[in-house]
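Visitor:
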Amino acid sequence: METLDFMLPAMSMQAVWPQIILVTTALFVLLADVFKRKEKTAFTGFISLAGSIIALGCLIMTWPTSGGSSFSGMAFTDGFSFFITLTVLLILIMTIMISINYQKFFSRINCGEYYALILFATCGMILMAAAGNLILLFVALETMSVSIYVLAAFHKDNLRSTESALKYFLLGAFASGFLLYGFALIYGATGTLDIAKLGNFLTSHPQILHSKLLIAGLVMMTVGFGFKVSMVPFHMWTPDVYEGAPTVITGFMATGVKAAAFAALIRVILVPLISLKADWIFIMWIAALLTMTVGNIVALAQENIKRMLAYSSIAHAGYILIGFVAGTGLAQAGMLFYLMAYAFMNIGAFGVVALLGKEEGEYNKISDFAGLGFKYPMMGVAMAIFMFSLAGIPPTGGFMGKFYIFTEGIKAGYVWLVIFAAINSIISIYYYLRVVVVMYFHSSEGLVTMPKPSRTTVLALAIACWGVILMGIFPSYFWSLATNCVFTLV
Numbered sequence: 000m001e002t003l004d005f006m007l008p009a010m011s012m013q014a015v016w017p018q019i020i021l022v023t024t025a026l027f028v029l030l031a032d033v034f035k036r037k038e039k040t041a042f043t044g045f046i047s048l049a050g051s052i053i054a055l056g057c058l059i060m061t062w063p064t065s066g067g068s069s070f071s072g073m074a075f076t077d078g079f080s081f082f083i084t085l086t087v088l089l090i091l092i093m094t095i096m097i098s099i100n101y102q103k104f105f106s107r108i109n110c111g112e113y114y115a116l117i118l119f120a121t122c123g124m125i126l127m128a129a130a131g132n133l134i135l136l137f138v139a140l141e142t143m144s145v146s147i148y149v150l151a152a153f154h155k156d157n158l159r160s161t162e163s164a165l166k167y168f169l170l171g172a173f174a175s176g177f178l179l180y181g182f183a184l185i186y187g188a189t190g191t192l193d194i195a196k197l198g199n200f201l202t203s204h205p206q207i208l209h210s211k212l213l214i215a216g217l218v219m220m221t222v223g224f225g226f227k228v229s230m231v232p233f234h235m236w237t238p239d240v241y242e243g244a245p246t247v248i249t250g251f252m253a254t255g256v257k258a259a260a261f262a263a264l265i266r267v268i269l270v271p272l273i274s275l276k277a278d279w280i281f282i283m284w285i286a287a288l289l290t291m292t293v294g295n296i297v298a299l300a301q302e303n304i305k306r307m308l309a310y311s312s313i314a315h316a317g318y319i320l321i322g323f324v325a326g327t328g329l330a331q332a333g334m335l336f337y338l339m340a341y342a343f344m345n346i347g348a349f350g351v352v353a354l355l356g357k358e359e360g361e362y363n364k365i366s367d368f369a370g371l372g373f374k375y376p377m378m379g380v381a382m383a384i385f386m387f388s389l390a391g392i393p394p395t396g397g398f399m400g401k402f403y404i405f406t407e408g409i410k411a412g413y414v415w416l417v418i419f420a421a422i423n424s425i426i427s428i429y430y431y432l433r434v435v436v437v438m439y440f441h442s443s444e445g446l447v448t449m450p451k452p453s454r455t456t457v458l459a460l461a462i463a464c465w466g467v468i469l470m471g472i473f474p475s476y477f478w479s480l481a482t483n484c485v486f487t488l489v
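The sequence shown begins at 0 in numbering that gives the first Met the number 0 and counts up one residue at a time.
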């Protein structure tokens, strides 16, 4: 009787160690939550924080020196996935540190489920950056999305939170359908779901580039990813969901989801489908212009700081899309640099807003910040730094991020797009500095008080401030890391 030899695929645990640690931590958190004492509300938070730091340490120890893949090409182990994973893990750590304080005055939040969902969502984000196959990418995206849907509705007794989460779920389901249908059309046109083989196939078969099936698949994928990055006209869910979700989760969504979605956008469209650039470049040019313009113009009229930061997030997606339009290696490095700087300044801004929370609700109006710069000096300084960075004022990470992306946009020949981006940046200064003016030049009329922050929250905001300032004063270290990582992109 003939025997068949079974060969295991080449496996490198380096590609999945952070994910394994995060999933193990999430499961342990769920178990520990059953047996912990009710008064130990921060116990599961500290377990989650410890697991996240271990995952970060493991990632740094397995720093890739070159591009590669594992599990028969299902997962990449290149510098690009390393940089996005590093950024997402930093976001996770700061989110958990702020959450430990946040849950002191939102006792209705079930700690075990809350932290487990954050860890599962982060696992999905990391897999999106490392996915080498469209099926794995979709599974990772749904792992992230389902967790975020639940987290957005964690204020179960708040109708606004429930309504916004339902909107997010329904629109997200439609976007996932578009994305999956796009993957199916791409497979029908090329016969492969492997991202590396997809690029090689299009290079060796140029006659397929004008296939209607391929173009339709590209359009469908653009719709799916456009929803996740809040690209106009797929941005309408953003302000409602950001306003209704718990403030810490809003910051997590605004940074982690955006980083993972842009990573997938680069990995799936920009690199393997670069041969189709002539077909999508004009559409993405218009999308970048509309995204930054709509985000900034509508943000001017917002009185709710979470909605203002939501439209700000849309505008920043437009700035990052300039790097996508330019498409060069250095432009992709600029996108990575910008995503990390944006993570520090946005997590920090939402962290300060979260400090003003209370059991009965949250102080979300910009007018609620009146006089807080003098009442809480350290909070005022931190918020001012984050606002300056979001506005792109030197010497902050936000300024350097725009500098690198705008420079590469000009080098690639998209001068008018960069000019419009610069005009939009000037417009944005008004609503960012408005928060600073209210904090320092308006007298406090209400009884807004800030609960005493925990040490972890203070440390998280300090890390965010340190990251924003360091990336502005010494950007070369982060720029070198981004360029070295992006040039190992498989």
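Quick reminder that beta carbons are idealized off the backbone N, C-alpha and C, glycines included. Remember, predicted model here, so these are calculated numbers, not experimental data.
What are the boundary residues of the alpha helix (DSSP H) that includes Phe137?
Guide: Sequence index remark: in the sequence shown, residue 137 carries index 138 (1-based). 133–151 is the span of the alpha helix (DSSP H), which, as asked, contains Phe137.
Visitor: Which of the three DSSP states is assigned to Ser69 in this structure?
Guide: For this step, residue 69 is matched to residue 70 along the sequence shown. Three-state result, Ser69: strand.
Visitor: Which runs of the alpha helix (DSSP H) spanning at least 4 residues fall entirely within the stretch 201–255, listed in chain order?
Guide: If we require 4 residues or more, the alpha helix (DSSP H) runs fully inside the stretch 201–255 come out as 211–227, 236–243, 246–251.
Visitor: In terms of residues, what are the limits of the alpha helix (DSSP H) holding Phe182?
Guide: Start at 1 with the first residue of the sequence shown, and residue 182 comes out as number 183. Residues 158–189.
Visitor: What is the C-beta distance between Val222 and Lys257, in whole angstroms, given that I count them as a contact (C-beta under 8 Å)?
Guide: Locating residue 222 in the sequence shown gives position 223, counting from the first residue. Locating residue 257 in the sequence shown gives position 258, counting from the first residue. So it is not a contact: roughly 17 Å between Cβ atoms.
Visitor: Does Asn199 have its Cβ less than 7 Å from a Cβ in chain B?
Guide: Absent from the structure is chain B; it holds one protein chain and no more.
Visitor: Where does Asn303 fall in DSSP's three states?
Guide: Along the sequence shown, read from residue 1 onward, the residue named residue 303 stands at position 304. The answer is strand: DSSP assigns Asn303 an E or B state.
Visitor: Give the single residue among Ser479, Gly400, Ala342 whose Cα lies nearest to the Cα of Ile462.
Guide: In the sequence shown, residue 462 corresponds to position 463, counting from 1. That would be Ala342, whose Cα lies nearest to the Cα of Ile462.
Visitor: How many Å lie between Ser71 and Leu264 at the Cα?
Guide: By one-based count along the sequence shown, residue 71 stands at place 72. By one-based count along the sequence shown, residue 264 stands at place 265. Spanning the two alpha carbons is a distance of roughly 22 Å.
Visitor: DSSP state of Phe486, grouped into three classes?
Guide: Looking up residue 486 in the sequence shown gives position 487. Looking at Phe486 - three-state DSSP - the assignment turns out to be coil, as it is neither helix nor strand.
Visitor: Specify the secondary structure class of Ala25 as computed by DSSP and reduced to three states.
Guide: Locating residue 25 in the sequence shown gives position 26, counting from the first residue. Three-state DSSP puts Ala25 in a helix.
Visitor: Could you check whether the stretch 80–94 touches the stretch 119–134, counting it as contact only if at least three pairs of C-beta atoms, one from each stretch, sit closer than 8 Å?
Guide: Yes, the stretch 80–94 is in contact with the stretch 119–134.
Visitor: Which of helix, strand or coil does DSSP assign to Met0?
Guide: Your numbering for residue 0 matches position 1 in the sequence shown. Its pLDDT being 48, under 50, Met0 is placed unreliably by the model, and the measurement read from it follows with that caveat. In the structure shown, Met0 sits in coil (DSSP, three-state: anything other than H, G, I, E or B).
Visitor: Do Leu389 and Gly379 have their CB atoms nearer than 7 Å?
Guide: Translated into positions along the sequence shown, residue 389 becomes position 390. Translated into positions along the sequence shown, residue 379 becomes position 380. Not a contact, by the Cβ cut-off of 7 Å.
Visitor: Taking the alpha-carbon positions, what's the Glu141 to Val457 distance?
Guide: Here residue 141 refers to the residue found at position 142 of the sequence shown. Here residue 457 refers to the residue found at position 458 of the sequence shown. Roughly 33 Å separates the two Cα atoms.
Visitor: Of the residues Cys464, Trp465, Ala152, Ala459, which one's Cα is nearest the Cα of Asn100?
Guide: The residue given as residue 100 occupies position 101 in the sequence shown. Minimum Cα distance to Asn100 is reached at Ala459.
Visitor: Where do the N-terminal and C-terminal ends of the alpha helix (DSSP H) with Pro453 fall, by residue?
Guide: Here residue 453 refers to the residue found at position 454 of the sequence shown. Rather than Pro, the amino acid found at residue 453 in this sequence is Ser. From DSSP, Ser453 is part of no alpha helix (DSSP H); its letter is neither H nor E.
Visitor: Alpha carbons only, please: which of Ser69, Thr121, Phe405, Asn423 is nearest the one belonging to Thr23?
Guide: The count along the sequence shown starts at 1 and reaches residue 23 at position 24. Closest option to Thr23, Cα to Cα, is Thr121.
Visitor: Might you give, ordered along the chain, the residues of its own chain that have their beta carbon closer than 7 Å to the beta carbon of Asp32, omitting 5 neighbours on each side?
Guide: Looking up residue 32 in the sequence shown gives position 33. Contacts found: Thr43, Cys110, Gly111.
Visitor: Answer with buried or exposed for Tyr429, where buried requires no fewer than 16 other C-beta atoms within 10 angstroms of its C-beta.
Guide: As a working note, residue 429 is residue 430 in the sequence shown. Answer is exposed; the Cβ neighbour count stays below 16.
Visitor: Using 8 Å for Cβ pairs, my map puts Gly294 next to Ala277. What's the rounded Cβ distance?
Guide: As a position in the sequence shown, residue 294 is number 295, starting the count at 1. As a position in the sequence shown, residue 277 is number 278, starting the count at 1. Going by Cβ atoms, the distance from Gly294 to Ala277 rounds to 27 Å, so no, they are not a contact pair.
Visitor: For Lys364, which three-state DSSP category applies?
Guide: Residue 364 sits at position 365 when you count from the first residue of the sequence shown. Lys364: strand per DSSP, three-state reduction.
Visitor: Is the CB-CB distance between Gly332 and Thr86 below 7 Å?
Guide: The sequence position of residue 332 within the sequence shown is 333, counting from 1. The sequence position of residue 86 within the sequence shown is 87, counting from 1. It is Ala, not Gly, that sits at residue 332 in the sequence shown. No, Cβ-Cβ distance for Ala332 and Thr86 is not below 7 Å.
Visitor: With distances taken from CA atoms, which of Tyr241, Gly123, Phe402 is nearest Ser312?
Guide: By 1-based counting over the sequence shown, the position of residue 312 is 313. Nearest of Tyr241, Gly123, Phe402 to Ser312, Cα basis: Tyr241.
Visitor: Which runs of the alpha helix (DSSP H), 4 residues or longer, sit entirely within the stretch 372–438?
Guide: Correct list: 376–390, 396–410.
Visitor: Going by DSSP, what residues sit across from Ala130 in a beta bridge?
Guide: Translated into positions along the sequence shown, residue 130 becomes position 131. BP columns for Ala130 point to Ala74.
Visitor: Can you list, in chain order, the residues of its chain with a C-beta nearer than 7 Å to that of Phe177? Leave out the 5 residues immediately preceding and following it.
Guide: Along the sequence shown, one-based indexing puts residue 177 at 178. Contacts found: Met219, Val222, Gly223.
Visitor: For Gly243, which of Gly171, Thr395, Gly412, Ala164 has the nearest alpha-carbon?
Guide: The residue you call residue 243 lines up with position 244 of the sequence shown. Measuring from the Cα of Gly243, the nearest candidate turns out to be Ala164.
Visitor: Out of Lys451, Leu88, Gln206, which one is the CA nearest neighbour of Ile52?
Guide: In the sequence shown, residue 52 corresponds to position 53, counting from 1. When each option's Cα is compared against that of Ile52, the closest is Leu88.
Visitor: So, at 7 Å on beta carbons, what are the nonlocal neighbours of Gln18 in its own chain, with the 5 sequence-adjacent residues on each side left out?
Guide: By one-based count along the sequence shown, residue 18 stands at place 19. Around Gln18: Cys122, Ile125, Leu126.
Visitor: Are the beta-carbon atoms of Thr290 and Met230 separated by less than 7 Å?
Guide: Here residue 290 refers to the residue found at position 291 of the sequence shown. Here residue 230 refers to the residue found at position 231 of the sequence shown. The answer is yes: Cβ separation under 7 Å.
Visitor: Buried or exposed for Arg454, going by 16 or more other Cβ atoms inside 10 Å?
Guide: Residue numbering aside, residue 454 sits at position 455 when the sequence shown is read from its first letter. When all chains shown are included, Arg454 counts as exposed.
Visitor: Which word fits Glu407, buried or exposed, when buried means at least 16 other C-beta atoms lie within 10 angstroms of its C-beta?
Guide: Reading the sequence shown from its first residue, position 408 is the one you call residue 407. Glu407 comes out buried.
Visitor: Between the Cα of Asn345 and those of Thr246, Phe323, Lys374, spot the shortest distance and give me the residue it belongs to.
Guide: Counted from its first residue, the sequence shown places residue 345 at position 346. Nearest of Thr246, Phe323, Lys374 to Asn345, Cα basis: Thr246.
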